[in-house]
Amino acid sequence: MSAKSGERLKDEGTQLQVTAAGATAGVISRFVIAPLDVVKIRLQLQTHSLSDPLSVRPLPPNSPIYKGTFPTLLSIFRSEGLTGLWKGNLPAELLYLCYFAIQFTTYRQTTLLLHSTLGESTLPPSLESFISGAVAGATGTTATYPLDLLRTRFAAQGNDRVYSGFLPAIRQIYHQESYKGFFRGLAPALGQIIPFMGTFFTVYETLRPNLSKLELPYSSGGALAGTIASVTAKTGTFPLDLVRKRIQVQGPTRKRYVHKNIPEYTHGTFGTMKEIVKREGVRGLYRGLTVSLVKAAPASAVTIWTYERTLKFYAGLGDRGVKGI
Numbered sequence: 001m002s003a004k005s006g007e008r009l010k011d012e013g014t015q016l017q018v019t020a021a022g023a024t025a026g027v028i029s030r031f032v033i034a035p036l037d038v039v040k041i042r043l044q045l046q047t048h049s050l051s052d053p054l055s056v057r058p059l060p061p062n063s064p065i066y067k068g069t070f071p072t073l074l075s076i077f078r079s080e081g082l083t084g085l086w087k088g089n090l091p092a093e094l095l096y097l098c099y100f101a102i103q104f105t106t107y108r109q110t111t112l113l114l115h116s117t118l119g120e121s122t123l124p125p126s127l128e129s130f131i132s133g134a135v136a137g138a139t140g141t142t143a144t145y146p147l148d149l150l151r152t153r154f155a156a157q158g159n160d161r162v163y164s165g166f167l168p169a170i171r172q173i174y175h176q177e178s179y180k181g182f183f184r185g186l187a188p189a190l191g192q193i194i195p196f197m198g199t200f201f202t203v204y205e206t207l208r209p210n211l212s213k214l215e216l217p218y219s220s221g222g223a224l225a226g227t228i229a230s231v232t233a234k235t236g237t238f239p240l241d242l243v244r245k246r247i248q249v250q251g252p253t254r255k256r257y258v259h260k261n262i263p264e265y266t267h268g269t270f271g272t273m274k275e276i277v278k279r280e281g282v283r284g285l286y287r288g289l290t291v292s293l294v295k296a297a298p299a300s301a302v303t304i305w306t307y308e309r310t311l312k313f314y315a316g317l318g319d320r321g322v323k324g325i
């Protein structure tokens, strides 16, 4: 693949258009996959399972046992109503709005910086995409991490409401845990997002030129490339995502979430991974992987599909605006 063939995502449109298109894609994608995201978080935080002998032990009262994606969806709906499937949607929408805008903008700017400092054809396209994707993912994750933590905590609470609302949650976390409470789990988040985004954009930019030529009935080639890229990257980095979720719900409210027996983890990212393996076996690091992969397909497809068309729309508005002057 030539350097020119991989530049459309990064260089098409102005910076404002790229930012607006990325933000729009993030918001729409988040709303569509919100119920699956809640299911994933509930499964990731579950340390017990009827099918796992290591986890069979007396459970605290009212601790649910989730088994599978659709049974978990049904269980949440029955016990918490339809709104239970969209718990944490406000911080999540803000997260996706800000994250995708920052991600796409940083990806574009990092690539342009590489071109200006090293030259357009100096780096192999796959390496260029990996570097730009990793920088974009790390920047977006760090800037929006408090929203990610809030999303997880809201999704983790059952009928016993730990936080009464978005702003009260911010005040309560700051009062009880100081500003550091908003960044619990940032280390595994960065450890996951750098290889995830690097792999995602590398696979995406590699597949997109050929897949874009395909005429698909319900999807674009770009959306298909995005789906394959997301599934590939997510599978490889999933244990770090699970560790991040477990650390995010640490603190004074740890025993008040829907799972009452979340262990206390005090030994950092790798210490937490070791403890999970010791308590739950290796399979404990992959709780929620199935729904995560199920979620990855529509999320990536909607994100890339919306991004490409929104960017064209904004670019069209800009062209008409220029012509009208």
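Start counting the sequence shown at 1; every next residue gets the next number (UniProt numbering). The C-beta atom is built at its ideal place from N, Cα and C for all residues, glycine as well. It should be emphasised that the depicted structure is a prediction, and the values quoted were computed from it without experimental measurement.
Worksheet item: Are Met197 and Ala101 close, meaning C-beta to C-beta below 7 Å?
Response: no
Practice prompt. Evaluate Leu95 with the Cβ neighbour count: other Cβ atoms within 10 Å of its Cβ, from every protein chain shown; 16 or more gives buried, anything less gives exposed.
Written response: buried
Worksheet item: Sorted by chain position, which residues of the same chain lie with C-beta nearer than 7 Å to Arg151's C-beta, five sequence neighbours on each side aside?
Response: Hits under 7 Å: Gly88, Pro91, Ala92 and Leu95.
Worksheet item: How about Leu45 and His267: do their beta carbons lie closer than 7 Å?
Response: No; because the gap between Cβ atoms is not below 7 Å, this pair is not in contact.
Worksheet item: Does DSSP classify Tyr163 as helix, strand or coil?
Response: coil
Worksheet item: Nearest-angstrom Cα distance between Thr47 and Val243?
Response: Rounded to whole angstroms, Thr47 to Val243 spans 12 Å at the Cα level.
Worksheet item: What does a CB cutoff of less than 6 Å around Leu186 pick up in its chain, not counting 5 residues either side in sequence?
Response: Closer than 6 Å at Cβ, skipping near neighbours: Tyr145.
Worksheet item: Do three or more CB pairs link the segment 125-143 to the segment 69-78 at distances below 8 Å?
Response: no
Worksheet entry | CB contact flag (Ala223, Ile33, <7 Å) | One thing to note: Ala223 has its Cβ no nearer than 7 Å to the Cβ of Ile33.
Worksheet entry | Rounded distance between the beta-carbons of Lys234 and Ala296, thought under 8 Å | 5 Å
Discussion item. Helix, strand or coil, according to DSSP, for Ile325 in the structure here?
Written reply: Model confidence at Ile325 stands at a pLDDT of 43, short of 50, so the residue's coordinates are unreliable and nothing is read from them.
Discussion item. Quick test of your reading: Pro61 and Ser75, contact by CB under 8 Å. State the CB separation rounded to the nearest angstrom.
Written reply: A Cβ-Cβ distance of about 16 Å is found for the pair Pro61 and Ser75, leaving them out of contact under the 8 Å criterion.
Practice prompt. Go ahead and pull the three-state DSSP assignment for Tyr265.
Written response: coil
Item to complete: Compute the Euclidean distance between the alpha carbons of Tyr99 and Leu43, then round it to the nearest angstrom.
Response: In this model, Tyr99 and Leu43 are separated by some 24 Å (Cα to Cα).
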